[in-house]
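Novice: FYI, the numbering for the sequence shown is 482 to 733, going by the numbering used here.
The following block contains the structure, expressed as structure tokens.
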Amino acid sequence: VVTPILTKLFNRSLTSSTFPSPWKSGKVTALFKSGDKSNASNYRPITILPTISKVLEKAVHSQVYRYLIDNKILTPRQFGFRPKLSTEIALAHFTDTILANMDKGLVTGAVFLDLAKAFDTVDHSLLFDKLASSGLSNDSVNWFKSYLSNRNQLTALANTVSSFKHVPVGVPQGSVLGPLLFLIFVNDLPYCINHCEISLYADDTVIYLSSNNACDLEMKLNSDLKHLCRWFNDNLLTLNVSNDEDTGLFVL
């Protein structure tokens, strides 16, 4: 009984390039991680979205992801949010390269980079340009514009509930399409460097280079790091420099 109604509703959304407004509201609950309970940074926000919206998102995700794969648009350097890829595969690729170069007597330098609130700070205008550059039709881009526009959320903690607040930037947390949109947003990142190998896992990045010349290694790492920082700046993303464990230079 429900299936024909949903099918009609979903088709209307796609043909009109309009995402239903009632499905744009999220409820954020705070999950305590550890440490001082009075420190807001020690809580992980969990966003709950309407279930029906995720059904439509899943259908759109399937079509867009298949298009990106069939047309070889997604960079092979990205290991996050992709079927048959994982942190283990990314790590294996990284370590295999280092060990092979160690056998050749080369030294490897690596820089690990972490972005601050990357998913929450994606600029919509830049994202729409990248969707269009990926070859999506005008109707498809307009659907995503509707999907991301006029979103709002409230926060619930214990027995307290906030008022709804507008969310003008970022990809929706807790959504099906959010991770894919982020992959598209950072898809051109690997092409901004000239010397190093690069691996991405969602918003985590590592660049690495092997050489028998320490000065050459340092020069090329610094050169590519400058290009990366410029790319982050141009795309309105911020490096997280508050956690030394996530960002740093290692020589192996």
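For each residue, glycine too, the CB sits at the ideal point set by N, CA and C.
#1: Can you give me the start and stop residues for the alpha helix (DSSP H) that D620 sits inside?
#2: Nearest by alpha-carbon distance to G655: which of T499, P503, V509, I688 is it?
#3: Take L447 and list the residues in its own chain whose beta-carbon comes closer than 6 Å to its own, dropping the five residues that flank it on each side.
#4: Does the count of Cβ pairs from the segment 671-685 and the segment 645-653 closer than 8 Å reach three?
#5: Output the distance between the C-alpha atoms of P564 and G616, rounded to the nearest integer angstrom.
#6: Do L702 and V592 count as a contact pair if the criterion is CB distance below 8 Å?
#7: Going residue by residue through the segment 494-576, where are the continuous alpha helix (DSSP H) segments of at least 4 residues, counting only ones entirely within it?
#8: Within 10 angstroms of the Cβ of K611, are there 16 or more other Cβ atoms? Answer buried if so, exposed if not.
#9: Does the beta-carbon distance from F600 to G507 come in below 8 Å?
#10: Residues in its own chain within less than 8 Å of K489 by CB, not counting five upstream and five downstream?
#11: Excluding the 5 residues flanking F609 on each side, which residues of the same chain have their C-beta closer than 8 Å to its C-beta?
Specialist: Straight from the coordinates:
#1: 619-629
#2: V509
#3: Residue 447 lies beyond the stretch modelled for the chain, which goes from 482 to 733, so this question has no answer here.
#4: The segment 671-685, when compared against the segment 645-653, does not touch it at the 8 Å Cβ threshold.
#5: 22 Å
#6: yes
#7: 532-551
#8: buried
#9: Taking 8 Å as the Cβ cut-off, F600 and G507 do not qualify as a contacting pair.
#10: none
#11: Cβ neighbours of F609 beyond the five flanking positions: V622, F625, K626.
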